[in-house]
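The next block holds one structure in the form of structure tokens; read it before the comments.
Numbering (full-length UniProt numbering), first residue to last: 1 to 541.
Spelled out as structure tokens, the structure:
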């Protein structure tokens, strides 16, 4: 079997191809128990200069799509080139790879990039206990296709020299019928992966028949009719001569950089058994279960600290009420007539002090309620708890200062000569007794907070308290999960917070509730979604 695979790889490499560069087989130079060392040749198929060729490991996403766990790669796995003109890549590891005779093999993807495109190839290193063996995959896929890709440009990149562009297009169409919306070379789907036929898998008619079929499909596509399947009646011609000029295709040639993801040499041999699939599922669920346990423990801790914050708030409210009672008792029960009538300036100061105390008190209550409504954010910032305590102490000092000022003003008024003291009628007719000042700030008590969660959320948004607004809307949606208005407001808050994951999750629920892509509300949310997640399919027009 191994000999057949090697012969197949060598035969495929011997075929002329339109790819400018290719990656050869892995030649290992190390022994088991030693750091990995090997070389991969760069095969120059078109006389291209190697000055700007880059070789590196493929990204985590490419490994995951190929079925390779990126975290299983050795930490010190490196790909290096000796210089710009070097025609090979050196593969090394800092430490010996963990390879056993009956253990898992080391698999990785090598990516070769140049100005015209890129090539990815999969390599496998395994040990039989005596020596290391390196193999490379031989089956290729092209994809995913992009919006400006045409089958003509893809075939131009992938066709062997003995095959015309029209023949290669028909072969790709026959090999990948599920990647086309219809049996037509113009109906290529976006984000599709195409299996690239090679050798005996190439199925195409002769050059004249291929050109006739492509032109017929082009005419059918332009008239808007659904193309009909054409029976493959002509014999295969793998030895078709290379034309002097490639036939003109109705589709323009685009500057396409192919993206190749290579599959294992024998997919059936790598198909996992049910037991292996269950083991992989359990392995993937293990960290999720551990994270769930941590979240439950954290939730219990947050609940306990939330109760502690509520007790602290109740204690602060009790202290404020006690201070107000002491302040009321500090006013003398009876005073002389002259000293009982404050001047206009004294009345203005008392009103300003009252407003200041009320504003501090209202701010303290708002912050405390916001901390209780969103304890997670409060606990992430421990200074918030110290701030609440400091503000409470500041409020006590302000009330004590007001009390001392009033006592001093009363003593000063009693010491004034009788003819200097204003009468009650003069004070009552003054501007203070007439009406409140236009610049006076009215502080709404906490018990006047709006009962409607939408109004409460709008008020918190106006003050920049986005965390509090989200908490109010989450609680309201827990009671009214079918409310579209509440979910729209929550999506606005998530967009302002740039919470991409939360916005996408709530947008799915809103789409199911509205179920009308032409709805103005959905179009507004979709526009915000395109700004927040430009590539997310749900928000595309």
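Idealized CB from N, CA, C, for every residue including glycine. Everything numeric in this text was worked out from a predicted model, so none of it was measured.
Beta carbon of residue i nearer than 8 Å to that of residue j
| i | j | result |
| --- | --- | --- |
| residue 70 | residue 93 | no |
| residue 32 | residue 131 | yes |
| residue 112 | residue 55 | yes |
| residue 164 | residue 208 | no |
| residue 91 | residue 129 | no |
| residue 186 | residue 221 | yes |
| residue 506 | residue 491 | yes |
| residue 50 | residue 87 | yes |
| residue 57 | residue 99 | no |
| residue 510 | residue 485 | no |
| residue 399 | residue 323 | yes |
| residue 198 | residue 174 | no |
| residue 546 | residue 196 | Because the chain in this structure spans residues 1 to 541, residue 546 falls outside the shown range and cannot be described. |
| residue 53 | residue 43 | no |
Chain D contact for residue i (CB, 8 Å cutoff)
| i | result |
| --- | --- |
| residue 66 | Annotation note: the requested chain D is absent from the structure, which comprises a single protein chain. |
Assigned secondary structure, residue i (DSSP; H/G/I helix, E/B strand, else coil)
| i | result |
| --- | --- |
| residue 49 | coil |
| residue 453 | helix |
| residue 476 | helix |
| residue 419 | In this prediction, residue 419 scores a pLDDT of 44, lower than 50, which makes its location untrustworthy; the coordinate-derived value is nonetheless stated afterwards. Three-state DSSP puts residue 419 in a helix. |
| residue 56 | strand |
| residue 65 | helix |
| residue 198 | coil |
| residue 459 | helix |
| residue 468 | helix |
| residue 203 | coil |
| residue 190 | coil |
| residue 548 | No statement about residue 548 is possible, as the shown extent of the chain runs from 1 to 541 and does not include it. |
| residue 41 | strand |
| residue 185 | coil |
| residue 395 | helix |
| residue 23 | strand |
| residue 30 | coil |
| residue 73 | coil |
| residue 36 | coil |
| residue 120 | strand |
First and last residue of the uninterrupted beta strand (DSSP E) at residue i
| i | result |
| --- | --- |
| residue 91 | 88-92 |
| residue 113 | 106-114 |
| residue 133 | 132-136 |
| residue 79 | 78-80 |
Unbroken alpha helix (DSSP H) run spanning residue i, endpoints
| i | result |
| --- | --- |
| residue 509 | 500-514 |
| residue 219 | 207-223 |
| residue 325 | 274-329 |
| residue 527 | 520-532 |
| residue 174 | 165-175 |
| residue 151 | 151-158 |
| residue 486 | 484-496 |
For residue j and residue i, the rounded distance between their alpha carbons
| i | j | result |
| --- | --- | --- |
| residue 121 | residue 153 | 22 Å |
| residue 540 | residue 530 | 7 Å |
| residue 532 | residue 495 | 7 Å |
| residue 462 | residue 535 | 31 Å |
| residue 218 | residue 161 | 24 Å |
| residue 525 | residue 189 | 27 Å |
| residue 145 | residue 310 | 57 Å |
| residue 81 | residue 89 | 5 Å |
| residue 396 | residue 328 | 14 Å |
| residue 125 | residue 34 | 13 Å |
| residue 284 | residue 97 | 23 Å |
| residue 269 | residue 155 | Only weak support is given to the placement of residue 269: the predicted model assigns it a pLDDT of 47, under 50, and the question is left unresolved by the model. |
| residue 487 | residue 538 | 17 Å |
| residue 200 | residue 194 | 17 Å |
| residue 59 | residue 307 | 47 Å |
| residue 546 | residue 500 | The structure shown does not extend to residue 546, since the chain is modelled only from 1 to 541, so the question has no answer here. |
| residue 497 | residue 466 | 7 Å |
| residue 597 | residue 458 | The displayed coordinates of the chain run from 1 to 541. Any statement about residue 597 would go beyond what the structure contains. |
| residue 272 | residue 295 | 33 Å |
| residue 390 | residue 464 | 22 Å |
| residue 321 | residue 405 | 20 Å |
| residue 474 | residue 503 | 13 Å |
| residue 472 | residue 456 | 8 Å |
| residue 169 | residue 215 | 12 Å |
| residue 206 | residue 171 | 12 Å |
**Request:** Inspect the CB distances between the segment 175-183 and the segment 124-138 and report whether three or more fall short of 8 Å.
**Result:** Contact annotation: the segment 175-183 does not touch the segment 124-138, with fewer than three C-beta pairs closer than 8 Å.
**Prompt:** Three or more beta-carbon pairs under 8 Å between the segment 58-69 and the segment 22-38, yes or no?
**Reply:** No, the segment 58-69 does not touch the segment 22-38.
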